[in-house]
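Asker: Note that our numbering numbers the sequence shown so that position 96 is 113, with each residue one more than the last.
Cβ atoms here follow ideal geometry from the backbone N, Cα and C, with glycine treated the same way.
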Amino acid sequence: MEDLNAAKQRTHKLMLTNRRTCTISGVCDVLSFDVKEVLLETDQGMLMIKGDDLHVSRLTLDKGEVDVDGKIDSFTYSETAGYGNKGESLLSRLFK
Numbered sequence: 018m019e020d021l022n023a024a025k026q027r028t029h030k031l032m033l034t035n036r037r038t039c040t041i042s043g044v045c046d047v048l049s050f051d052v053k054e055v056l057l058e059t060d061q062g063m064l065m066i067k068g069d070d071l072h073v074s075r076l077t078l079d080k081g082e083v084d085v086d087g088k089i090d091s092f093t094y095s096e097t098a099g100y101g102n103k104g105e106s107l108l109s110r111l112f113k
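Pasting the structure below:
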């Protein structure tokens with residue numbers, strides 16, 4: 018059983034070039050994105066990318082890869098617990 022779980026877990030890798038282009042592997046899902054923030058679910062937890070003029074230029078979920086272009090200011094990781102609470106609205110989760 019452990020071998021099956023290990024095979025499902027992809028390598029998570031983040032490569033940033035000149036704060037303008039970012040390639041990320043080990044991505045499970047893109048939860049939201051706009052020109053200021055991109056929220057990704059990765060194998061290592063939630064990843065929030067903040068910046069200006071952000072664009073998801075390539076998305077290949079079957080390979081778990083995402084490219085983000087723009088002026089990248091920060092990367093923030095958090096645990097996945099709390100993001101997927103079914104039955105709760107976004108506002109109720111924000112104001113806990």
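How long is the line joining the alpha carbons of methionine 18 and lysine 88, rounded to whole angstroms?
Answerer: Low per-residue confidence applies at methionine 18: pLDDT is 44, beneath 50, and the placement is therefore not dependable, though the value from the model is reported in the following sentence. Methionine 18 and lysine 88: Cα-Cα distance of roughly 42 Å.
Asker: Could you check what DSSP says for arginine 75 in three-state terms: helix, strand or coil?
Answerer: strand
Asker: Which of the three DSSP states, helix, strand or coil, is assigned to valine 55?
Answerer: strand
Asker: Name the DSSP beta bridge partners of leucine 33, please?
Answerer: Cys39
Asker: To the nearest angstrom, how far is it from the Cα of methionine 32 to the Cα of aspartate 60?
Answerer: Computed Cα separation, rounded: 16 Å.
Asker: Would you mind reading off the limits of the beta strand (DSSP E) that contains aspartate 60?
Answerer: Unbroken run through aspartate 60: none, as it is neither H nor E.
Asker: Name the residue from Leu76, His29, Thr77, Thr38 whose alpha carbon lies nearest to the alpha carbon of glycine 68.
Answerer: Thr38
Asker: Just tell me which of Val83, Thr77, Met65, Arg27 has its CA closest to the CA of threonine 40.
Answerer: The shortest Cα separation from threonine 40 among Val83, Thr77, Met65, Arg27 belongs to Val83.
Asker: Out of Leu71, Lys53, Ser42, Ser95, point me to the one whose CA is closest to leucine 78's CA.
Answerer: Of Leu71, Lys53, Ser42, Ser95, the residue nearest in Cα terms is Ser42.
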